[in-house]
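These notes are about the structure you will find just below.
Numbering (the UniProt record's numbering), first residue to last: 1 to 162.
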């Protein structure tokens, strides 16, 4: 591996950079390459997905920064697992109106995690970039108040004329 070359390293070169003088087993090689590859993905490739029910809509916050006006809104989603967790995520700007999230909705939310340091403390944001409704199964009964369509061919008009 030359020192005058700049660019993306192939798999063997990545491993050599981490530990140039230590021989690697196959498992160590794969684990090291997987760790390095995960750092090369775009934010949407490494995003996480959470699903659950919106239990709280926190009031919108807005202000003006050096880059102009901003808006953010936070939501609390409760997962539907054996041990449910509550996760607070946020939307910024036009995404607030685009997704129009309401309490009680069952959603799948794709998020990016981002941490930053401020005055010696670390803060982590859970930023949503895609929100979609959970698919409802067709196994359950129809919702209350829903009318069932009349049986096929029983429309009161008899047989068709053709």
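Here a beta-carbon is modelled for each residue, glycine too, at the ideal position from N, C-alpha and C.
query, result
"Nearest residue (CA-CA) to residue 92, options 106, 59, 79, 122", "59"
"Inter-residue Cα distance where the pair is residue 112 and residue 47", "5 Å"
"Reduced DSSP category for residue 54 - H, G, I as helix; E, B as strand; rest coil", "strand"
"Residue 129 - partner residues in DSSP beta bridges", "BP columns for residue 129 are empty, so no partner."
"Environment of residue 77 [buried if 16+ CB atoms lie within 10 Å]", "buried"
"Spatial distance of residue 135 from residue 86 (CA atoms)", "21 Å"
"Close beta carbons around residue 99, own chain, < 6 Å, minus the five adjacent residues each side", "131"
"Spatially closest choice to residue 94 from 128, 83, 106, by CA coordinates", "128"
"CA nearest to the CA of residue 81, picked from 104, 50, 72", "50"
"Proximity below 8 Å, CB of residue 96 to CB of residue 54", "no"
"Coil, strand or helix - residue 101 by DSSP", "coil"
"Straight-line Cα distance separating residue 61 from residue 104", "21 Å"
"Boundaries of the beta strand (DSSP E) in which residue 67 is found, first to last residue", "Segment: none, residue 67 is in no beta strand (DSSP E) and carries neither H nor E."
"Three-way DSSP call (helix, strand, coil) for residue 85 in this model", "coil"
"Through-space distance from residue 64 to residue 108, alpha-carbon basis", "31 Å"
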